[in-house]
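**Student:**
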Amino acid sequence: CRLLRQQAERLVAPLGSMEKAQVRALAADLGLLSAQKPDSMEICFIPDKDYCAWLARRAALPAPGNFVCGGAVLGRHEGIHRWTVGQRIPGLYDGEKRYVRAICAETGEIEVGPEEALWQTEVPAADFHWLIDPPAGPLRCSVKVRHTRTAEAPCTACPEKNGAVRIVCDTPVRAPAPGQSAVLYDGERCLGGGWIRPLEPQE
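If you read the sequence shown in the working numbering, its first letter stands for residue 1008, the second for the next number, and so on.
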């Protein structure tokens, strides 16, 4: 959620409370061809779903790098643009699956680990845009950290200095990815959102 509050207050949603099935039925009644179009599950301006080729036509791609785990090199990858936090890497290591935990753009290294290493209860967020009056203290709400169909996670949002918010979830959430959005809700009402930051290592 990157809208400012003054922008959201002027937002007009022409479909209102209609659900997708109702919109499709209305489009069919009106004879619109779009009524039969399949749902878009990918990036709308990359119809062939090959975002790597799209990037290659427009920019210099990141160089290949290493998969690492605890300082040990497990293998090579063809560029960090092909990976995201939470994604499984090919093969087994010590007989176990490994998943992307963190991506370092500066070195090209991708840190991997077991599935259980992806889960965390604390999600730091920066450059937070509130769509309500910013709370003076901790706020009970729920958070969504991935663009999937998983439900929002109950949490406590703790405002900090310089537009930061520390989000503490009641139960761990899977693979919150730095650079993506953490969005807070009160039921169906969006309260605001910010950019996920890396979790600081514990002393």
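Backbone N, C-alpha and C define an ideal beta-carbon position, used for all residues, glycine too.
(1) Is the separation between the beta-carbon of Tyr1106 and that of Gly1115 shorter than 9 Å?
(2) Hey, is Asn1169 close to the ligand SAM, as in C-beta under 8 Å from one of its heavy atoms?
(3) Is Ser1149 buried or exposed, if buried means 16 or more other CB atoms sit within 10 Å of its CB?
(4) With H, G and I counted as helix, E and B as strand and the rest as coil, what does DSSP make of Trp1126?
(5) Which stretch, first to last residue, makes up the alpha helix (DSSP H) that contains Leu1081?
(6) Please classify Trp1137: does DSSP put it in a helix, a strand, or coil?
(7) Please report the straight-line C-alpha distance between Ile1203 and Leu1039, rounded to a whole angstrom.
(8) Can you tell me which of the three DSSP states Val1030 falls into?
(9) By alpha-carbon positions, which one of Glu1129, Phe1135, Leu1099, Pro1142 ends up nearest to Glu1122?
(10) Between the Cα of Gly1200 and the Cα atoms of Ala1182, Pro1131, Arg1181, which residue gives the shortest distance?
**Tutor:** Working from what's here:
(1) no
(2) The model depicted lacks the ligand SAM and carries no ligand whatsoever.
(3) buried
(4) strand
(5) Here Leu1081 belongs to no alpha helix (DSSP H); instead the beta strand (DSSP E) covers 1079-1084.
(6) strand
(7) 40 Å
(8) helix
(9) Leu1099
(10) Pro1131
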